[in-house]
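First residue of the sequence shown? That's 1 in full-length UniProt numbering, and the numbers climb one at a time after it. Ideal placement from N, C-alpha and C gives every residue a C-beta, glycine not left out. The next block holds one structure in the form of structure tokens; read it before the comments.
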Amino acid sequence: MKRGIAAGLSAAFVTAGTGLYLSQRILYIAKKAEKAITERETKAGRYDEDVYSQLPKEEVWVSSLDGTRLKSVFITPNPGQPYVIFCHGVTEHKVNSVKYMNVFLKRGFNAVLFDHRRHGESEGLITSYGHFEKYDLKAVVDELIRREGADVRFGIHGESMGAVTLLLYAGTLEDKASFYVADCPFSDFRKQVKHQIKRELGFSPPFFMTIAEWAVWLRGRYKIAELSPLEAVKNIEQPILFIHSKKDDFILPDMTNALFDAKKGPKQLFMAENGVHAQSYNENPEEYENAIDRFLSEFQLNPEHKRSL
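Put into structure tokens, the structure is as follows:
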């Protein structure tokens, strides 16, 4: 009897410990230092504080559905022209989006940068990989419409978690943007978590996922199995440019191929030759911009004029 009780208690402790560890890694993933991100982008020539500071802009706090306050920046060098909203990846912040913003500013767009919940200057306690973030994106869209009117034209660009967020927003909430650029998203969060467990540990016991799903729901109040851009993308009618690097071993390029295949209607695919995860632009800037140009041209998404930076 005592041995049975001891074994049961041991199993309970192991289960609880595993759940705490896995959910901690998922919900409270370690973020990069904000200063380090800015220094990295500056050193690489992708961010220039002097140039950025001279752009006409307004910093705005936007409240999400649950009251979480999000730091956003509305950048308007091209009055009257369309906007692009930029969604950064997990562990990053809005400065990482500046390189993508510059691509679109040169092509005559305006921009909205913002920090996802729990990142940068925004509020928030946990990361949910698109579940709560899709409502944050909707709040930013609503603010843009409030400021510019219901007929404002805009696209949305996202990297990694940001790409997942825009797909979930467009496929489950509202398909309001004129276009989307989804750079290296996962197609299914459950598969992605299993991939990361195996990538880090060398194996992925089935019970690990069961424990992780239970712990994330208990602590974060969202379900891993419901985070499925692959299902969401089937509902998106507007054009999507899918981007991924062939050498990405963090989120496998097969996931973007699956998303591309599932998307009905207007779409394009750019698979970059060089770079690991979220490095398609950094390692292939000319090819990346050419892919953007082809996409904008084919679906007649260009603004009325272009601007030189």
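As the crow flies, the alpha-carbon of Pro303 is around 14 Å from that of Arg294.
In this structure, Leu301 places its C-beta atom within 8 Å of the C-beta atom of Ser178. About 5 Å separates the Cβ atoms of Ala232 and Thr172, confirming a contact at the 8 Å cut-off. Within the same chain, Cβ atoms closer than 7 Å to the Cβ of Lys194 are found at Ser204, Met209, the five residues on either side in sequence being excluded.
Here the alpha carbon of Ile156 sits roughly 31 Å from the alpha carbon of Arg199.
Counting the other Cβ atoms within 10 Å of the Cβ of Lys94 gives 16 or more, which makes it buried.
Per DSSP, Ala212 is one residue of the alpha helix (DSSP H) stretching across 206-220.
The residue among Gly275, Gln54, His131, Ile145 with its C-alpha nearest the C-alpha of Asp66 is His131. One thing to note: Glu174 has its Cβ within 8 Å of the Cβ of Lys138. Closest by C-alpha distance to Asp183, out of Gln81, Arg40, Ala225, Lys246, is Lys246. For the pair Ser72 and Val164, the CB atoms are not nearer than the 8 Å cut-off. Put simply, of Ala44, Ala272, Glu59 the residue whose alpha carbon is nearest the alpha carbon of Ser122 is Glu59. In this structure Asp136 does not touch Ser228 by the C-beta definition: roughly 19 Å separates them, more than the 8 Å allowed.
No Cβ-Cβ contact shorter than 8 Å links Tyr52 with Val112. When rounded, the separation of the alpha-carbon atoms in Glu148 and Thr76 is 11 Å. Rounded to whole angstroms, Asn110 and Leu27 show a C-alpha spacing of 33 Å.
A residue is called buried when at least 16 other Cβ atoms come within 10 angstroms of its Cβ; Lys267 meets this threshold and is buried. Between the C-alpha atoms of His119 and Glu286 there is a straight-line separation of about 29 Å. Under a 10 Å Cβ-count criterion, Pro82 is classified as buried, with 16 or more other Cβ atoms of the shown protein chains found around its own Cβ. Under DSSP, the beta-bridge partners assigned to Asn110 are Tyr83. Straight across, the Cα-Cα distance linking Gly80 with Ile145 is about 13 Å. The Cβ atoms of Glu133 and Arg153 lie no closer than 8 Å to each other. Around the CB of Phe104, 16 or more other CB atoms lie within 10 Å, so the residue is classed as buried. A residue is called buried when at least 16 other Cβ atoms come within 10 angstroms of its Cβ; Glu159 meets this threshold and is buried.
In the structure shown, Ser97 falls within a helical segment according to DSSP collapsed to helix, strand and coil.
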